[in-house]
Amino acid sequence: MQVQIRQGDSLWYYSQLFLIPLNLLTDSNPTVNPTGLQAGQHINIPGFVGEPYTIKRGDTFWKLAKRRNLDVDALLLLNPNQVPGSLKIGDTVVLPRRIIAPLKERQVPYHSVLLGEELSELRDVYPFMQINTIGSSVLGKPITEIRLGRGRKKVHFNASFHANEWITTPILLDALNAFLLSLTNSSSIRGISSTPLYEQVEISIVPMVNPDGVDLVLNGPPSEKRDELIELNKGSDDFFGWKANIAGVDLNNQFPANWEIEKERKEEKAPAPRDYPGDAPLTEPEAVTMANLATNRGFARMLALHTQGEEFYWGYEGLEPPESLILAQEFERVSGYKAVQYIDSHAGYKDWFIQEFRRPGFTLELGLGTNPLPLSQYDEIYEEFLGIFLAALYM
Numbered sequence: 006m007q008v009q010i011r012q013g014d015s016l017w018y019y020s021q022l023f024l025i026p027l028n029l030l031t032d033s034n035p036t037v038n039p040t041g042l043q044a045g046q047h048i049n050i051p052g053f054v055g056e057p058y059t060i061k062r063g064d065t066f067w068k069l070a071k072r073r074n075l076d077v078d079a080l081l082l083l084n085p086n087q088v089p090g091s092l093k094i095g096d097t098v099v100l101p102r103r104i105i106a107p108l109k110e111r112q113v114p115y116h117s118v119l120l121g122e123e124l125s126e127l128r129d130v131y132p133f134m135q136i137n138t139i140g141s142s143v144l145g146k147p148i149t150e151i152r153l154g155r156g157r158k159k160v161h162f163n164a165s166f167h168a169n170e171w172i173t174t175p176i177l178l179d180a181l182n183a184f185l186l187s188l189t190n191s192s193s194i195r196g197i198s199s200t201p202l203y204e205q206v207e208i209s210i211v212p213m214v215n216p217d218g219v220d221l222v223l224n225g226p227p228s229e230k231r232d233e234l235i236e237l238n239k240g241s242d243d244f245f246g247w248k249a250n251i252a253g254v255d256l257n258n259q260f261p262a263n264w265e266i267e268k269e270r271k272e273e274k275a276p277a278p279r280d281y282p283g284d285a286p287l288t289e290p291e292a293v294t295m296a297n298l299a300t301n302r303g304f305a306r307m308l309a310l311h312t313q314g315e316e317f318y319w320g321y322e323g324l325e326p327p328e329s330l331i332l333a334q335e336f337e338r339v340s341g342y343k344a345v346q347y348i349d350s351h352a353g354y355k356d357w358f359i360q361e362f363r364r365p366g367f368t369l370e371l372g373l374g375t376n377p378l379p380l381s382q383y384d385e386i387y388e389e390f391l392g393i394f395l396a397a398l399y400m
């Protein structure tokens with residue numbers, strides 16, 4: 006929501022008027038000098054949207070403000086041309102509405118178009134976040150990163166490396182939304198205040214690493230690639246079990262961490278719905294994007310969301326630091342998932358991250374069953390993951 010600055014206003018005053026932390030207001034307006042506000046400038050107020058309202062009999066600004074637990078001046082700020090004592094039935098005013106619930110219903114098949122729509126809404130309501138395209142898929146769809154927080158410790162999460170594990174995207178976005186609502190409403194999550202975490206941590210989220218693959222599973226093949234993909238899918242037009250990217254390469258087998266071992270023992274020697282690691286490491290644009298992101302950003306820890314198994318993997322070749330064990334024990338405690346240090350696997354993003362940076366990396370296998378997991382498991386998976394999400398930030 007945007008408002009126009011009046012003579013004498015300040016960000017501190019807006020913070021008091023809308024009950025929004027001052028640091029969020031400052032970060033929502035990075036091009037504005039907070040000590041030199043100019044009348045007529047536009048300022049973003051995070052956590053609110055402005056909605057048109059038609060005046061009814063008996064309405065006054067005082068009554069309308071009281072219903073929203075706001076000061077009358079908040080309404081005057083949004084309606085500078087209205088005279089408070091002269092409202093008429095049928096007049097249209099703009100009222101601020103505080104966001105107190107997630108913006109989207111996510112317990113639906115969550116494809117890349119829905120993601121794009123939600124990111125646009127998040128950008129408007131929570132402008133203290135940065136939402137940037139960091140790369141493109143094989144078909145040119147954007148791979149997006151969300152960043153927020155002021156801290157030096159950088160914690161990265163990603164989801165939907167694998168196409169038929171798309172449920173990880175809305176799960177991760179629900180955790181993000183819980184954090185955002187906690188920030189803008191000055192509330193806690195499971196007894197943890199988000200405000201100190203915002204100051205201590207920078208959160209990085211790539212919500213959908215493999216948009217082409219997710220869309221293939223949920224919406225079927227694009228017309229220009231239909232015949233080619235059906236052939237790769239062994240003649241079937243049911244892509245329910247497709248795991249790879251649109252080129253038939255398993256993105257979580259694309260990283261130079263003993264890639265040659267993984268390549269040799271994989272049964273798939275050519276593009277396929279799953280398990281083909283490619284002709285070389287980092288041939289796919291999605292994998293290159295994720296490798297570049299980690300290389301350039303210096304993450305303190307990384308968590309990759311997958312399904313299924315109700316367990317997580319946290320070691321690689323003895324290269325993980327001692328901190329990984331401490332985190333693994335806490336993740337196990339808050340989620341009930343089984344902590345597994347080593348598995349006989351190479352070339353994954355977690356493997357490469359630990360190998361390259363000697364920092365904690367985790368592959369989380371959310372839920373139980375056969376991929377793609379049913380939405381009937383959504384609430385349970387979310388509650389299990391939320392504990393890990395919070396622990397990854399506060400530990």
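Counting from 1 along the sequence shown, just add 5 to a position and that's the residue number in the numbering used here. The beta carbon of each residue, even a glycine, is placed where N, CA and C say it ideally should be. The structure displayed is predicted, hence computed values, not measured ones.
Which first and last residues belong to the beta strand (DSSP E) in which residue i is found?
i: Y58; result: F53 to T59
i: V8; result: Q7 to Q9
i: A344; result: K343 to V345
With which residues is residue i paired in a DSSP beta bridge?
i: H311; result: E370
i: K158; result: V206
i: F317; result: A344 and L369
i: T97; result: T59
i: G140; result: I148
i: H47; result: Q9
i: S193; result: S198
i: Q135; result: R152
i: N163; result: V211 and A309
i: R103; result: F53
So residue i and residue j are supposed to be a Cβ contact under 8 angstroms. How far apart are they, rounded?
i: Y354; j: F244; result: With 8 angstroms as the limit, Y354 and F244 do not qualify as a contact, their Cβ atoms being about 23 angstroms apart.
i: V222; j: N169; result: 5 angstroms
i: I10; j: G45; result: 6 angstroms
i: E150; j: S209; result: 6 angstroms
i: I386; j: I176; result: 6 angstroms
Residue i: buried (16+ other C-beta within 10 angstroms of its C-beta) or exposed?
i: S125; result: exposed
i: P282; result: buried
i: P5; result: The first residue shown for the chain is 6 and the last is 400, placing residue 5 beyond what the model contains.
i: N347; result: A quick correction: the sequence has Tyr, not Asn, at residue 347. By the neighbour-count rule (16 or more Cβ atoms within 10 Å), Y347 is not buried but exposed.
i: W171; result: buried
i: S381; result: exposed
i: P85; result: exposed
i: W264; result: buried
i: H47; result: exposed
i: S33; result: buried
i: W17; result: exposed
i: D220; result: buried
Flag this pair as yes or no: are the beta carbons of residue i and residue j separated by less than 9 angstroms?
i: N250; j: S350; result: no
i: E272; j: N28; result: no
i: I60; j: M6; result: no
i: I104; j: F53; result: yes
i: I148; j: P216; result: yes
i: G55; j: P89; result: no
i: E315; j: G372; result: yes
i: V98; j: L69; result: yes
i: R306; j: H161; result: yes
i: A262; j: E370; result: no
i: S165; j: M213; result: yes
i: D280; j: N301; result: no
i: F304; j: F358; result: yes
i: Y318; j: V345; result: yes
i: P26; j: S192; result: no
i: Y399; j: G366; result: no
i: R195; j: L395; result: yes
i: N5; j: L108; result: Since the displayed the chain opens at 6 and closes at 400, residue 5 lies outside it and no answer follows.
i: G145; j: N297; result: no
i: H167; j: L256; result: yes
Return the first residue and the last residue of the alpha helix (DSSP H) that residue i is part of.
i: L234; result: R231 to L237
i: N258; result: Neither: N258 is in no alpha helix (DSSP H) and is coded neither H nor E.
i: Y115; result: Unbroken run through Y115: none, as it is neither H nor E.
i: A292; result: P290 to R302
i: D384; result: Y383 to Y399
i: E170; result: Counting along the chain, E170 falls outside any alpha helix (DSSP H), and DSSP gives it neither H nor E.
i: Q87; result: It is not in any alpha helix (DSSP H) - Q87 carries neither H nor E in the DSSP assignment.
i: V219; result: P216 to N224
i: F23; result: L16 to F23
i: T375; result: Unbroken run through T375: none, as it is neither H nor E.
I'd like to know if residue i contacts chain D, where contact means its C-beta is closer than 9 angstroms to some C-beta of that chain.
i: S15; result: You won't find chain D in this structure, because it holds only one protein chain.
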